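The block underneath contains the structure these notes are about, expressed in structure tokens.
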Amino acid sequence: MPDIVGNDLARQLSATWRPVNDPVRAVAFDCDGLLVDTEVCWTRAEAVMFAHHGLEFTTELKAQLIGTTMDFTVARMAQLFDTVGAEAALKAELAETVAEVIAADAVPMAGAVEIVAALTGQLPLAVVSNSPRVLVELALSRAGLSDAFGVWVTAEDVVHGKPAPDLYLRACERLAVAPTEVLAFEDTVVGVNSAKAAGLTVVGIPTVEQDAFAPHHRFDSLAHDSLVSWSRFAAV
1 MPDIVGNDLA RQLSATWRPV NDPVRAVAFD CDGLLVDTEV CWTRAEAVMF AHHGLEFTTE
61 LKAQLIGTTM DFTVARMAQL FDTVGAEAAL KAELAETVAE VIAADAVPMA GAVEIVAALT
121 GQLPLAVVSN SPRVLVELAL SRAGLSDAFG VWVTAEDVVH GKPAPDLYLR ACERLAVAPT
181 EVLAFEDTVV GVNSAKAAGL TVVGIPTVEQ DAFAPHHRFD SLAHDSLVSW SRFAAV
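Quick note: the sequence shown, position 14, residue 14 per this note's numbering, numbers continuous.
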């Protein structure tokens, strides 16, 4: 039987903030730029490729690509590089370049290790990413988070990546939890829109400022006191 008194006390001790779909039964995290500081790795790799083709990788271009699938990124590169038809070669080059940078430099985002550790054992956890699995594995390994997630859903698992809802719907299916009972953490417009389209409640921690960024809840960091406090009592 649940410890009602204990649960009430835990709620009193936890932060006043609770997600709008409280109580949640599972949590889904994006990876790049949310758990692991890999967006800077992607940016460096993309800048190298643009430089090879005599182009500058501007902040405006980054805003177009952040959070999207690798196929989308490569298709856009092919257009800008005037190399349409060479997408497979560009994709291989980008994957290799990004992997090298992640392996050397990726670090966890502030608060990521702590919030995942606090939730582990309380609720089922999923990682849901537009990136290929090999890059997600590499990033989470660098952050020391590889063993935290019982469910992994990556680019290879669906036909349509974010912002389509497919990745999150697949995650909910594997978690065996209804989307309305899952809390998603995202850092981009593309990711937020994907999770919302799937019916999840979304906490947004923006990597860069985007006008269309509209999660249900917004914080500046996973290390925010309210999130840290909530994570300690998320299952009560």
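Built from N, CA and C at the ideal position, the CB exists for glycine as well. All figures in this text were calculated on a predicted structure; none of them were measured in a lab.
If only complete runs of 3 or more residues are kept, the stretch 28–92 shows no beta strand (DSSP E) anywhere. Restricted to the stretch 169–204, the beta strand (DSSP E) segments that are unbroken, complete and at least 3 residues in length are 182–186 and 201–204, listed in chain order. Secondary structure at Val101: helix, using DSSP grouped into helix, strand and coil.
In this structure the stretch 51–61 does not lie against the stretch 144–161, because fewer than three pairs of beta carbons, one per stretch, are closer than 8 Å. Secondary structure note for Val128: its beta strand (DSSP E) is the uninterrupted segment Leu125 to Val128. Exclusion of the five residues before and after Gln210 leaves Val189 as the residues of its chain whose Cβ lies within less than 6 Å of its Cβ. Counting the other CB atoms within 10 Å of its CB gives Gly67 a total of 16 or more, which places it among the buried residues. The beta carbon of Pro179 sits closer than 6 Å to those of Cys172, Ala198, Gly199 and Leu200, all from its chain and outside the five residues before and after it, given in chain order. Relative to the Cα of Ala234, the nearest Cα in the group Gly204, Val208 and Val182 belongs to Val182. Secondary-structure assignment with DSSP links Val153 through a beta bridge to Val128. Collapsing the DSSP output to three states places Arg142 in a helix. In this structure, the beta-carbon distance from Gly111 to Ser229 does not fall below 7 Å.
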